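Accompanying notes for the structure given below.
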Amino acid sequence: MRNLIGVVFLAIFFIAACPAKKEQNSLIDQKVQSLLSKMTLDEKIGQLLQKNGGSFSDSVVKACGIGSVLNETNVEVQNRIQKIAVENSRLGIPIIFARDVIHGFRTIMPIPLAQAATWDPSVVEAGARVAAIEAASSGIRWTFSPMVDVTRDPRWGRISEGYGEDTYLASEMGAATVRGYQGKNLSDKNSIAACVKHFAAYGWAEGGRDYNSANIPENELRDVILPPFKKCIDEGALSLMPSFNDINGVPSSGNEYLMNNILRKEWQYNGVVVSDWVSISQLVTHGFAENGKEAARMAINSTLDMDMASPVYETYLKELLSEGTITIAQIDEAVARILKMKFELGLFENPYTNQSDFPAMLNQQNLEVAMKAAIESAVLLKNDGVLPIQNKVKTIAIIGPLADAPHDQMVTWVMDGDKKNSVTPLVAISLKAKELGIKVIYERALELSRSKNISNRDAVVKAASQADLVLLFLGEESILSGESHCRADINLPGAQEELVALVAAQNKPVATVIMAGRPLTFERIIEQNSAILYAMHGGTMAGPAISDLLFGVVSPSGKLPVTFPRHVGQVPLYYNHRNTGKPATNKSWERIDDIPAEAPQLSIGNTSHYLDYGFEPMYPFGFGLSYTTFGYKNLKIKNSNLSLDGVVEVSVEVSNTGSYDADEIVQLYIRDLVASRVRAVKELKRFKRIHLAKGESKTVTFELPVSELGFHNQQMKYTVEPGDFNLWVGGSSNAGLMEKFSVK
Ligand code: BGC
């Protein structure tokens, strides 16, 4: 009740504080209703269609208009079609041009998974802003991003497009992305509409195989999967896209409970819902709808406003209406939401794009944002001191298929990026080396990351043996991750392990940079390397960023947004799991090689682990090294006995105890020790990226409202249960100081 009063009070305060916004909304609503009252049924249905560029005729636009066109980036063509819609159609409703601008338009940012590794919402927001301005300068005012699908499966190709395994991190990153796209003022010509996707549980695809079914209990759905969507909606995301998959047998494009009950009724979401590509028709393929007509009915009943690229709304809505199986009120609501978005974006006032109104793409400022994001996203996983590159190094051998792969460093969903703008690690390192008088030898060794034969073995051996340091560039080329590019084996593909062995046999220090779209399992090569930098795919500026990190211009500071398993057979392996009744410890792990012959089957002392791979990951969530070291002390909770409406106030002193200036990501985790549903052993609740010069200390503070410590109980009610909690603050999910607090 107390909470409810708080919410009501806040709402009143908000409404009173934002009269201008309220007025503007009601003005837009009036305009929408007035326009709607003039529209014919054909014109209404026209607004519910999203057509691919080139797939429709001018006469259709003239006769009844089209809601949206996707994948048309030629501004002249856009303006020509727009002119027909605005000046030659009866009501002059503008078209909204849409595109998958996922991690940059022309200036390519690191993949979203790498952006999550920055743990820096400000750089993520800045990257999305750059993307918005560049996209808008090409007439695109709607992107299908951010993807906030939490996933625990590195086999899933689309793990690259999201923010990893954690609900809180994905929420923060998703919200930052929405802010970046939509800018401060929606009607600015450089603001574009965000579309939070894929609602929901798309990252839960069984076996990590894309489009596959998701089986998930509702309380887990609500606690783990849905919060990032809610956060993005609260941030103002103008649109949302349902997922391809079914959840417990119900495909999202026809999931009335998910869309209607949760999204529209519970969350009061009044933004546009656009289907995924042909996903309404796919209700038939799923075996959920008998035919296209039934699919259209199901989608309308699930409040899907716009049909992306499938023929069903266009073909069947009229028939459904005349049969009385759907109502005109449903159509009107959908049209109203689409018109509202167009009004909000100022499309009625400024329907055309004039590229000269915008700054040049790939300008210095944009490249600097991309560079910062790429620097902050690389995670140092191992370093025995070989990095940063020491003064004594006079010859460097750069070896591997990804050192000079300008296309591959941009990676998935780069529809408008051009590889000629990518600066590769080879180019950037060579430049820096020249400045420092270091000789560089380059051998690609493998044509592609998946090539099975090392070309020119002798040259590789020669290069490595001549060098004081070998820099190996390994990983996955672009096309091995992304939509429907899932892998059952997530080792380094092709002959890369053989390449590592060949290089290691030359007994020179080796630092490996891994560029990949997902966590890979590379345990077998760790020993052979002195250092490993996991750079994922860094986009346009990956090369200069990696070069600066290797030469120590700046210290690595990224932290893993997802657990790295030792072996794919451990998947799903994630840090915020529940405790079993028989949790494993190093002592309890029964190693396969230690089991005596004909050992009897006993259960006493057994614990939850694999005989061969134990129970721990290769690297835990939140982990990442630096060139410096950090010390944590004086963890304090101001008031450790809290009421349900209290706030946990935490402070900790963090010091840079090493010899490099560097950023650290301070992470706060909690555990609810006893609850009516078993809670995770750790849950991330707050984080902060801070900069510390060598020798410097800072007191970092966090405020965590008790109301955020809850979960959905067995009755599906969000609840905070009184009791004891552990709280950790540290630089990784498996490290940190611990204190306790209680909620009464
Ligand atoms: C993807 C979406 C994307 C859409 C439009 C689909 O295949 O699942 O994420 O936005 O295509 O290109």
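Per the numbering used here, the very first residue in the sequence shown carries number 1; after that it's consecutive.
Where is the CB? At the ideal position from N, CA and C, for every residue including glycine.
Just so you know, these numbers come straight off a predicted model, no measurement behind them.
Distance cut-off 7 Å: residue i Cβ against heavy atoms of the ligand BGC
i: Asp305; result: no
i: Asp276; result: yes
i: Lys51; result: no
i: Glu483; result: yes
i: His198; result: yes
i: Phe97; result: no
i: Phe144; result: yes
i: Phe229; result: no
i: Asp100; result: yes
i: Phe244; result: yes
Buried versus exposed, by CB contacts within 10 Å (16 or more), residue i
i: Val8; result: Any answer about Val8 is weak, because its pLDDT of 43 lies below 50 and its placement is not dependable; what the coordinates show is given next. The residue is exposed, with fewer than 16 neighbouring Cβ atoms inside 10 Å.
i: Gln47; result: buried
i: Val553; result: exposed
i: Ser626; result: buried
i: Ile93; result: buried
i: Asp246; result: buried
i: Asp42; result: exposed
i: Tyr745; result: Lying outside 1 to 744, the shown extent of the chain, residue 745 is not represented and no answer is given.
i: Val101; result: buried
i: His103; result: buried
i: Leu226; result: buried
i: Thr699; result: exposed
i: Leu474; result: buried
i: Gln33; result: exposed
i: Thr749; result: Residue 749 lies beyond the residue range present for the chain, which begins at 1 and ends at 744; the question has no answer from this structure.
i: Ala329; result: exposed
For residue i, the residue or residues it bridges with in DSSP
i: Asn52; result: Leu70
i: Glu683; result: Ile670
i: Glu653; result: Lys633, Thr699
i: Trp413; result: DSSP, once it has assigned bridges, lists no residue as partnering Trp413.
i: Lys439; result: Thr395
i: Asn491; result: Thr521
i: Leu728; result: The amino acid at residue 728 is misidentified as Leu; the sequence shows Trp. Note: Trp728 sits in a beta bridge opposite Tyr669, Met738.
i: Lys197; result: Met147, Met241
i: Lys382; result: Ile532
i: Leu704; result: Val648
i: Leu471; result: Ile398, Ala511
i: Leu573; result: Looking at the DSSP assignment, Leu573 forms no beta bridge with any residue, so it has no partner.
Beta-carbon contacts of residue i that lie in its chain and below 6 Å, excluding the five residues immediately before and after
i: Arg2; result: Below a pLDDT of 50, predicted positions are generally treated as unreliable, and Arg2, at 42, falls in that range; the measurement from the model is reported next regardless. Result list for Arg2: Asp645, in chain order.
i: Ser465; result: Gln506
i: Trp277; result: Met308, Ala309
i: Asn734; result: Pro620
i: Glu739; result: Leu635, Ile637, Leu727
i: Ile280; result: Ser253, Ala295, Ala299, Asp307, Ser310, Val312
i: Leu668; result: Lys685, Arg686, Phe702, Val729
i: Ala531; result: Lys382, Asn383, Val386, Leu387, Ala511
i: Tyr574; result: Arg152, Glu165, Thr563
i: Arg566; result: Glu523, Tyr613, Met618
i: Ala428; result: Gly543, Pro544, Ser547
i: Ala745; result: This structure leaves residue 745 out entirely; the chain is present only between 1 and 744.
i: His485; result: Gly157
i: Gln24; result: none
Contacts around residue i, its chain only, beta-carbon distance under 7 Å, and the 5 residues preceding and following it disregarded
i: Glu235; result: Ala175, Val178, Arg179
i: Pro572; result: Arg152, Asp153
i: Thr118; result: Val124, Ala373, Glu376, Ser377, Gly558
i: Asn270; result: Arg337
Anticipated Cβ contact below 8 Å, residue i with residue j, distance rounded
i: His537; j: Ile111; result: 5 Å
i: Phe358; j: Ser191; result: Their Cβ separation, rounded to whole angstroms, is 12 Å, which puts Phe358 and Ser191 out of contact at 8 Å.
i: Thr325; j: Gly417; result: Incorrect: roughly 45 Å between the Cβ atoms, too far for contact.
i: Gly127; j: Val148; result: With a Cβ gap of about 16 Å, Gly127 and Val148 do not count as contacting.
i: Ala193; j: Met341; result: 6 Å
i: Gln50; j: Gly67; result: 6 Å
i: Asn248; j: Asn215; result: 6 Å
Residues near residue i by beta carbon distance below 8 Å, same chain, minus five either side
i: Ser742; result: Ser640, Asn641, Leu642, Pro722, Gly723, Asp724, Phe725
i: Leu317; result: Ile45, Leu48, Ala296, Ile300, Ile326, Ile331
i: Val77; result: Gly53
i: Met716; result: Glu218, Asn219, Arg222
i: Ser608; result: Thr580, Lys582, Pro583, Ala584, Phe615
The ligand SAM heavy atom lying under 7 Å from the CB of residue i
i: Thr521; result: Absence of the ligand SAM is noted for the structure shown, with the ligand BGC being the only ligands found.
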